[in-house]
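K.L.:
Handing you a structure now.
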Amino acid sequence: MISRAKKKEYIKAGGSFCINCGSGNISAGKIEAEGREAWQEVQCYDCGSEWNDIFRLIGVDDIILPENEPKIPQVRGDKESADEHPETA
Ligand SMILES: [Zn+2]
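Residue numbers for the sequence shown follow the numbering used here, so the first one is 6 and each next one is one higher.
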């Protein structure tokens with residue numbers, strides 16, 4: 006079992022070593038994502054351990070907004086069109 010303290014140490018170091026034996030001879034796979042979580046398979050070539058690094062959304066940066074006018078929600082229009090044909094119900 007990997008202790009909580011060891012996991013903490015691993016996360017603090019940015020996952021740059023094997024969580025089991027401490028070797029730097031590790032290889033990470035592609036990052037996969039689903040919803041607000043992402044993960045990456047990692048394996049150690051020295052001891053053969055495998056684990057998943059887990060990533061979470063922690064912020065946003067480099068936001069590029071469109072140059073055209075932002076779209077205004079058409080809530081009022083929907084209500085008006087519904088009131089226009091009360092007899093068709
Ligand atoms: Zn290892």
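The C-beta atom is built at its ideal place from N, Cα and C for all residues, glycine as well.
As the structure is a computational prediction, the values presented were derived from the model and not from experiment.
1) Which class does I7 belong to by DSSP, given the choice of helix, strand or coil?
2) Cβ atoms of D58 and A33: under 9 Å apart, would you say?
3) For K76, name the three-state secondary structure that DSSP assigns.
4) Return the CA-CA distance between I24 and K11, expressed in angstroms with no decimal places.
5) How should C26 be labelled, buried or exposed, when 16 other C-beta atoms within 10 angstroms of its C-beta is the threshold for buried?
P.N.:
Quick look at the numbers:
1) coil
2) yes
3) coil
4) 7 Å
5) exposed
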